[in-house]
């Protein structure tokens, strides 16, 4: 079988010029026509210059002056417009070819053997696809237009020069052979320097990518100086290479300019002599000089194009060398046919897998697996378990022996057939940037794309997706993501109304039973688990200057405190908090953060407030400096009575703060309408999460047991209101971040497991697929394999926890690349062979 012909197998063998011949030939033809017209239009102004001087000015005829100037202007305008059209077409052709190259190169890279990716740097691949290929696109866009335009222009101007004066034309052309000898010699050296630049830049990119990928090790070993030293050596080398490369480029440019500026000197000397002796009229001399000057424009552009070609040739050559190689497996069947529906029978016979260096990872492995069997591969690290599994799923290619899938050679099957019939979960699954749902459907969407399926065909229903995430234990995570979502105002209005309805039902049915753990928002009650600032605002601010941390510096708020009679009371409260905290902690040798949990003072601020507490007895509060007053106000506004038990909240201050809450609402509504969204039971709070909107209060505890109970009551209400699926859809739209970095390791493995299970393939290959899960989650997955998937799919599991394999149909024990025993768990344990040794060896080590 062969790969489909739409993407060439041997992309790396294509020449640079092949991209020119396969570019948009229709546009190239239009470009050539425009070029021919442009060249003619550029020559006409030179003749107009001669006629203006020799006829219009010499004969003092204004009508001729206006006519020739009009022709001149028309030609200049037309030439400019045509040049713009040429540049636009060049740009379009170049960018189109660059895009085609990127697409085909990317497709080629994806199909390269896994051995390539073990040595390739991600940074190098990115650099090649994004930056280095840009020179190729620039060259392809210019490949026809620039040389044709400038060669025709050179020929036209040269012909016009010979028409004006053959002797002068020969003299002006005499400098070009010298330039042709000097400039290519310099360019050859520039090319060598450019190759060094490309290679050094790649090494530097690899070093950067490696360091960033291993940043945990860098921080763990504090190897900042070591990495700076490694980077510095490469950066200095790149500096030297680029200096040499740029010097050669400058030498080429200077040489070109030298010959360009030398030409007019010779022509002035000879032409002036001929004009003085009456052998060259003035108009012809002006036209000749103008044509000769313009002659250097196409020459200069040709030299620039030559340099562009050389740069593109070096970059393109290096890219194709780096990505040289052919796919190990065919991607799709040569002839279109329906996908194969395989049963899941796998077999290996004398399988050998060898890596460069002659090291054999598999040494004649033989194993038969019947459809629907649950098979465990066990053994010490390095025994070949994962290698065998990866050969069976065509990720690695074996070198000798045979491996079959329903009797067909695995190495010969197209990748599409393997992918259609297998689900694979690795120990460290990759999660793509996007939503959880995107990742859950990744395998299914890949299959749909491969077979040209559109619309909703082949996609699981929402119920099936929810069932899948429930099976792997991801349901609670997705629900939490949903309940922690914040809606933008004006979005999901129907859902917002339902959330408010759930809030009412929640408070009606559970407010009393949850009062011990939740402090509900009530405009008539003080919130002991909220700060003083939050109690006064009693809402969510829409402006930064009204955020709780910024209030002490907000003139509007400070003025309000003064008018409400609260300012000095809060300053006094802040003074009491500072004095009490300092008095308790001043003699503690090295207090850590836990000592400050009952105070609004943080550990970093302790020294500042200790100094302030020392000054307080010596000055009356109303005479405090503004900065000291601000510091005390900061403490008072942070004061949360339910947490900061170091000081109690007086009933008088509590009553005044409740009165101040109402006064603040009136003032903000009057002076800053819309600046704060106040807590009202019938309004949705867009700055808060879905869960906060349902609770409409603050949690008094962080106990997981309590949080779980609260979540269960919310789920039951969501089910009653027929909202659970809608809310879960929000959780499924959670953005997982780059490489899933917003998910934990366990969550990533659950997503990968659900992704494979939703595909419902005939074969499941699990390469330590539960390693990152807790014991309860591992047990859940194990139970799922033994109940739902046994007999339904062939399951091959690379296992390190031997207590999970007791109910497997078959256990294959591997050692040093060989299978040393195969059988049921009970039979192998009774035999007291290698499995027995592994189990009791593991128990002994534990």
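Residue numbers (my numbering): 71 to 916.
Positions of the beta carbon are idealized from the N, C-alpha and C atoms, including for glycine.
For clarity, every value in this text was computed on a predicted model and none was experimentally measured.
- Query: At which residue ranges does the stretch 852 to 914 contain complete alpha helix (DSSP H) runs of 4 or more residues, listed in the order of the chain?
  - Reply: Runs of the alpha helix (DSSP H) inside the stretch 852 to 914: 895 to 901.
- Message: Can you list, in chain order, the residues of its chain with a C-beta nearer than 6 Å to that of residue 114? Leave out the 5 residues immediately preceding and following it.
- Response: Excluding residues within five positions, the ones whose Cβ falls inside 6 Å are 145.
- C-alpha distance - residue 269 paired with residue 816, whole-angstrom precision: In a straight line, the C-alpha of residue 269 is about 40 Å away from that of residue 816.
- Message: Under DSSP, the alpha helix (DSSP H) around residue 579 begins and ends at which residues?
- Response: Annotation: the continuous alpha helix (DSSP H) that includes residue 579 extends over 563 to 584.
- Tell me whether residue 690 sits in a helix, a strand or coil according to DSSP, three-state version. In the three-state DSSP reduction, residue 690 falls in the coil class, being neither helix nor strand.
- Alpha-carbon to alpha-carbon, residue 281 and residue 916: Because residue 916 carries a pLDDT of 36, less than 50, the predicted location of this residue cannot be relied on, and no value is offered for it.
- Item | Cα-Cα separation, residue 266 to residue 384 | Taking the straight line from one Cα to the other gives about 10 Å.
- Message: Suppose contacts are defined by Cβ-Cβ distances below 9 Å. Is residue 755 in contact with residue 576 by that definition?
- Response: No. Outside cutoff.
- Query: Considering only the beta carbon of each residue, do residue 183 and residue 395 sit closer than 9 Å?
  - Reply: Result yes, Cβ atoms of residue 183 and residue 395 sit closer than 9 Å.
- Item | With 16 other Cβ atoms within 10 Å as the buried cut-off, status of residue 593 | Exposed, because fewer than 16 other Cβ atoms sit within 10 Å of the Cβ of residue 593.
- Message: Just to confirm my understanding: we take residue 518, look at its own chain, exclude 5 residues before and 5 after, and list those with CB closer than 7 Å. What are they?
- Response: Counting only Cβ-Cβ distances below 7 Å, and skipping sequence neighbours, we find 528.
- Message: Just to confirm my understanding: we take residue 305, look at its own chain, exclude 5 residues before and 5 after, and list those with CB closer than 8 Å. What are they?
- Response: Closer than 8 Å at Cβ, skipping near neighbours: 274.
- Message: Is it the case that the stretch 194 to 213 contacts the stretch 154 to 173, given that we only count it when at least three CB pairs across the two stretches are under 8 Å?
- Response: Enough Cβ pairs lie closer than 8 Å, so yes.
- Roughly how many angstroms separate the alpha carbons of residue 85 and residue 376, rounded to a whole number? Note on geometry: alpha-carbon atoms of residue 85 and residue 376 lie some 17 Å from one another.
- Query: Shortest alpha-carbon distance to residue 928 belongs to which of 878, 870 and 850?
  - Reply: Examination of residue 928 is not possible in this model, given that the chain is present from 71 through 916 alone.
- Message: Less than 9 Å between the beta carbons of residue 824 and residue 542, yes or no?
- Response: Yes, Cβ-Cβ distance for residue 824 and residue 542 is below 9 Å.
- Message: Given this structure, state the Cα-to-Cα distance separating residue 379 from residue 412, to the nearest angstrom.
- Response: C-alpha separation (whole angstroms): 52 Å.
- Query: Which of the three DSSP states, helix, strand or coil, is assigned to residue 671?
  - Reply: Residue state, collapsed to three classes: coil.
- Query: If you draw a straight line from the alpha carbon of residue 911 to that of residue 904, how long is it in whole angstroms?
  - Reply: Rounded to whole angstroms, residue 911 to residue 904 spans 10 Å at the Cα level.
- Query: If you check the beta carbons only, do residue 839 and residue 495 fall under 9 Å apart?
  - Reply: Yes, the pair counts as a contact, with Cβ atoms nearer than the cut-off.
- Query: Rounded to the nearest angstrom, how far is the Cβ of residue 764 from that of residue 784, given a contact under 8 Å?
  - Reply: Between the beta-carbon of residue 764 and that of residue 784 there is about 6 Å, and that keeps the pair under the 8 Å contact cut.
- Item | Which of helix, strand or coil DSSP assigns to residue 466 | The three-state reading of DSSP puts residue 466 in coil, since its state is none of H, G, I, E or B.
- Item | Cβ pair residue 308, residue 271 closer than 9 Å | Yes. Within cutoff.
- Query: For residue 398, which of 417, 456, 374 and 467 has the nearest alpha-carbon?
  - Reply: The shortest Cα separation from residue 398 among 417, 456, 374 and 467 belongs to 467.
- For residue 138, does the count of other Cβ atoms within 10 angstroms reach 16, so buried, or fall short, so exposed? Buried: at least 16 other Cβ atoms inside 10 Å.
- Item | Whole-angstrom C-beta distance between residue 835 and residue 459, which should lie under 8 Å | Yes, they are in contact, since the Cβ atoms of residue 459 and residue 835 sit about 5 Å apart, within 8 Å.
- Message: Let me make sure I understand the geometry here. Which of 586, 670 and 880 has the alpha-carbon closest to that of residue 619?
- Response: The candidate whose alpha carbon is nearest that of residue 619 is 670.
- Item | Residue span of the beta strand (DSSP E) that contains residue 206, given as start and end | Per DSSP, residue 206 belongs to no beta strand (DSSP E); it is in the alpha helix (DSSP H), 204 to 212.
- Do you know offhand how far residue 72's Cα is from residue 481's? Since pLDDT at residue 72 reaches only 37, below the 50 mark, its modelled position is unreliable, and the value read off the structure follows with that caveat. Cα-Cα distance, rounded: 13 Å.
- Message: If we require 3 or more residues per run, which beta strand (DSSP E) segments fall completely within the stretch 776 to 859?
- Response: The stretch 776 to 859 contains these whole beta strand (DSSP E) runs: 833 to 837.
- Task: Given a cut-off of 9 Å, decide if residue 881 and residue 435 are closer than it, judged by their beta-carbon atoms.
- Result: No, Cβ-Cβ distance for residue 435 and residue 881 is not below 9 Å.
- Could you check the C-alpha separation between residue 470 and residue 874 for me, to the nearest Å? As the crow flies, the alpha-carbon of residue 470 is around 32 Å from that of residue 874.
- Could you check if residue 600 is buried or exposed, using at least 16 other CB atoms within 10 Å of its CB as the buried criterion? With 16 or more Cβ atoms within 10 Å of its Cβ, residue 600 is classed as buried.
- Message: Our contact map puts residue 102 next to residue 156 with C-beta atoms below 8 Å; I'd like the distance itself, whole angstroms only.
- Response: By a beta-carbon distance limit of 8 Å, residue 102 does not contact residue 156. Their separation comes to about 10 Å.
- Query: Who are the near neighbours of residue 277 in its chain, counting only those whose CB is closer than 7 Å to its CB and skipping five residues on each side?
  - Reply: Only residues of its own chain outside the window of five on either side were considered, and among them 300, 301 and 304 have a CB closer than 7 Å to the CB of residue 277, listed in chain order.
- Message: Does residue 564 pass the burial test, meaning 16 or more other C-beta atoms within 10 Å, or should it be called exposed?
- Response: The residue is exposed, with fewer than 16 neighbouring Cβ atoms inside 10 Å.
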